[in-house]
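Position in the sequence shown (from 1) plus 8 gives the number in our numbering. Beta carbons are placed, not taken as given, at the ideal position from N, Cα and C, and that holds for glycine.
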Amino acid sequence: MTRKKDRTTYQEIRQSFIILFIFFALFTGAAVVTVVGVHLVHQSESQSIQLLRSLNRSFIDDKPDWNQWRKSSNINTENTYVRVTDQSGANRQSDVFYSKGAHTFLSSNPTPISKSLHLPFFPALTYSKHYGLFYYRSGERRGEHKKIKSEIWLSLNSIIKTLASVILVVLGTLFVGLILGWFVISLIAKRLTRSLQMLQRTAQSHSQSVVNVESLLPVPNSPVEVRELATSFNDLLSAIIENNKREKAFISNASHELRTPIAAIRGHISLVKRRGKDHPEIIDTSLHFIDDESAKMQALVNSLLALSRADKEVVQKTTFDLVAIVNETVEEQRVLLEQNIEVRGAKTASVNANQTNVLQILSTLFDNAGKYAGDDSTITVQITNTAHDTILSVENNGPSIPDEDKKHIFDRFYRGDHAHNSQITGNGLGLAIAAQLATLNGIQIKVADVVPHGVRFELVFKKIA
Numbered sequence: 009m010t011r012k013k014d015r016t017t018y019q020e021i022r023q024s025f026i027i028l029f030i031f032f033a034l035f036t037g038a039a040v041v042t043v044v045g046v047h048l049v050h051q052s053e054s055q056s057i058q059l060l061r062s063l064n065r066s067f068i069d070d071k072p073d074w075n076q077w078r079k080s081s082n083i084n085t086e087n088t089y090v091r092v093t094d095q096s097g098a099n100r101q102s103d104v105f106y107s108k109g110a111h112t113f114l115s116s117n118p119t120p121i122s123k124s125l126h127l128p129f130f131p132a133l134t135y136s137k138h139y140g141l142f143y144y145r146s147g148e149r150r151g152e153h154k155k156i157k158s159e160i161w162l163s164l165n166s167i168i169k170t171l172a173s174v175i176l177v178v179l180g181t182l183f184v185g186l187i188l189g190w191f192v193i194s195l196i197a198k199r200l201t202r203s204l205q206m207l208q209r210t211a212q213s214h215s216q217s218v219v220n221v222e223s224l225l226p227v228p229n230s231p232v233e234v235r236e237l238a239t240s241f242n243d244l245l246s247a248i249i250e251n252n253k254r255e256k257a258f259i260s261n262a263s264h265e266l267r268t269p270i271a272a273i274r275g276h277i278s279l280v281k282r283r284g285k286d287h288p289e290i291i292d293t294s295l296h297f298i299d300d301e302s303a304k305m306q307a308l309v310n311s312l313l314a315l316s317r318a319d320k321e322v323v324q325k326t327t328f329d330l331v332a333i334v335n336e337t338v339e340e341q342r343v344l345l346e347q348n349i350e351v352r353g354a355k356t357a358s359v360n361a362n363q364t365n366v367l368q369i370l371s372t373l374f375d376n377a378g379k380y381a382g383d384d385s386t387i388t389v390q391i392t393n394t395a396h397d398t399i400l401s402v403e404n405n406g407p408s409i410p411d412e413d414k415k416h417i418f419d420r421f422y423r424g425d426h427a428h429n430s431q432i433t434g435n436g437l438g439l440a441i442a443a444q445l446a447t448l449n450g451i452q453i454k455v456a457d458v459v460p461h462g463v464r465f466e467l468v469f470k471k472i473a
């Protein structure tokens, strides 16, 4: 037997429908049997009342005319028995009148069933061996020196047979309906879960295939829930696929950036080994070149470590004055950069972020501006307070960034054509690290052109509530 936790949605739907069908079928059958049974019992009760009234009408001048009653009564002696006891007069012995077969019926010995039925809960039911179940009713006619008791036993065997037939019909209908319902419900459940099964098979096929590992799942038109589920899965898969592509590109770019200086270093080492003894003058040149390339490798490794830490870092935010941090950073950068740096805008601006991360982002933006702006140009820092935000911008008048490059400016290892064509150093990780730190601190980082030429980077801090 399939365990409940291992059942499929198709099996769960089918079983739930079957249980619900059986419940309603049994409920309907019980209701039908109950209504029919109560109706038949009420008929027997009405029949007994009519019979008692006909007995009362048989009295002429306060004396019963049994012969006349027997001739005029339509009593069915096969399933109805009557006993009338006349106790009129103080010293007169009681006279008893029996309908046909009643004396034999009443003289039968009681059985355990008949004794069990004579309970306060069933005062009108009685059972007789070889006769079956009966409905009992009695009545008395009283007068001066007169006491007549009439008793009637109506057989319920016909009612029991009718109820048995109804029960058999209900059970038969239930059985046939259960078989038909099983197939119909199975078809409905299969149709309802067809989309889920298709998604499961497709996902399993993709997971086992190297070719389709980056393929999206098919989106069915119905049901709506499955369509929305497939769409959500595809959104998740798209994000995973995109992240996977970025990771592959990251590894490829990192390998490329490391391979170039390593190849140069090994080339000079080989040169020194082959010609160093005969030409000692090349040793100093090769050592200088090896030192430069190893410094580039160290800078790249440090950037990779910083990027890795930024991916996993949990920031601790504090409230501080952004203007003070900007002024502190500007003083440090004026020593390092050839360009003139101007600070404009608000004199104070409170923000909530990690102060160390903000300093690192600012250093990256100044370093980037110093690489692309001319030595005699000006780097402008603007601090603006608005109703909802605090905006910090770092602007330089170097070459503008093409719109196509703006989409990837914060990608890892990405460098635009103007950066490759010039002699600008860098590994394309600075802005990626700045963007990651900004995201961790809830800071929005933007890039825009400056007219007629130049680039402006903006950091948008949300106002403190």
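By alpha-carbon distance to PHE418, the top candidate from ILE193, VAL227, ASN376 and ILE27 is ASN376. Around the Cβ of ARG61, a 10 Å sphere holds fewer than 16 other Cβ atoms; the residue is exposed. By the C-beta density criterion, ASN229 is exposed, having fewer than 16 other C-beta atoms within 10 angstroms.
Distances from the CA of TRP161 to each of HIS111, SER302 and LEU237 were compared; the closest alpha carbon is that of HIS111.
In the structure shown, ILE156 adopts extended strand secondary structure according to DSSP, grouped into three states.
Residue state for TYR139 is assigned as coil, using DSSP reduced to three classes. Counting only runs that start and end inside the region 271-348, the beta strand (DSSP E) elements of at least 3 residues fall at 326-329.
Counting along the chain, the unbroken alpha helix (DSSP H) around LEU367 starts and ends at 363-380. For LEU59, the number of other beta carbons within 10 angstroms of its own is at least 16, and it is reported as buried.
Note: TYR89 is bridge-paired with TRP161 in the DSSP secondary-structure output. Taking one beta carbon from each stretch, the region 452-459 and the region 344-358 have fewer than 3 pairs nearer than 8 Å; the two do not touch. Of all C-beta pairs linking the region 32-39 to the region 168-183, three or more are shorter than 8 Å, placing the two stretches in contact. The Cβ atoms of ILE441 and LEU467 lie no closer than 9 Å to each other. Here LEU141 is near LEU164, since their CB atoms are less than 9 Å apart. Following the DSSP letters along the chain, one finds LYS470 inside the beta strand (DSSP E) bounded by residues 463-470. In this structure, DSSP gives ASN251 a helical state, which the three-state scheme calls helix. When only Cα atoms are considered, GLN95 and GLU159 end up about 14 Å apart. Around the beta carbon of PHE469, 16 or more other beta carbons sit within 10 angstroms, so the residue counts as buried. Residue pairing for LEU400: DSSP places it in a beta bridge opposite ILE391 and LEU467. Distance check between THR134 and each of VAL92, SER116, ARG150 and GLY382 places SER116 closest, using alpha-carbon atoms only.
The Cβ-Cβ distance between ALA357 and THR386 does not fall below 9 Å. Following the DSSP letters along the chain, one finds ASP413 inside the alpha helix (DSSP H) bounded by residues 411-414. Under the three-state reduction of DSSP output, ASN405 falls in the coil class, being neither helix nor strand. With a cut-off of 8 Å on Cβ pairs, the region 187-206 is in contact with the region 11-30, counting three or more such pairs.
Judged by DSSP secondary structure, GLN444 falls within the alpha helix (DSSP H) whose first and last residues are 438-448.
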